[in-house]
Structure formats: structure tokens, C-alpha cells
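Residue numbers (this note's numbering): -17 to 66.
Beta carbons are placed, not taken as given, at the ideal position from N, Cα and C, and that holds for glycine.
Source: prediction; values computed, not measured.
Following this line, the structure appears as C-alpha cells:
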């Protein structure tokens, strides 16, 4: 563990709010964000590997899941309003 947890990862601290206090609008915002995406926010747009039997390169593409897309939009809006 290098101190950079995934969003909403309760094992390594990604479910904790490290900025602000329990009474801030920021905490409410983050709590709502956790509720929007109640899982690890980890996604690979493209992933590939060499197939162990055929030795051919295999790759897969995937769109960003809707909950993660909505979450990113929410954070961008927050950052824009806060000039972050």
C-alpha cells in the first residue's frame, strides 16, 4: 500500500474523507458521491495481455460505466464551482 487508495475502498482508506470536518458541505458532497458509486471506482478503458495458450495478443475495450461517468461529472462540477 503506497497511500493512494481507490475511491470508496474501505480496506485502504478510500472511504474516508480527509478534507474538512463532519459538519462541512464538502463532507456532505463526498458522502453523496460515495452513495452514487458504492463500489471501488476502478476502470480500465483498454486492457490486454498475451493469451497463455495461443500466445496471441488479446485486448478488450470498455466504455466507462454510467455510475462512474456521473461521479466524474459531479466532481468536475464541484471543482469548477470551487475553482480547484
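*By DSSP, does residue 12 sit in helix, in strand, or in coil?*
For residue 12, the three-state secondary structure derived from DSSP is helix.
_residue 43: first and last residue of the uninterrupted beta strand (DSSP E) it sits in_ = The continuous beta strand (DSSP E) containing residue 43 extends over residues 39 to 43.
*Verify whether the separation of the beta carbon atoms of residue 27 and residue 44 is less than 8 Å.*
Taking a C-beta distance under 8 Å as the contact criterion, residue 27 and residue 44 qualify as a contact pair.
*For residue -16, name the three-state secondary structure that DSSP assigns.*
DSSP places residue -16 in coil when its eight states are reduced to three.
*Leaving out five residues on either side along the sequence, give the residues of the same chain with a beta carbon under 6 Å from the beta carbon of residue 33.*
So the list reads 40, once near-sequence residues are dropped.
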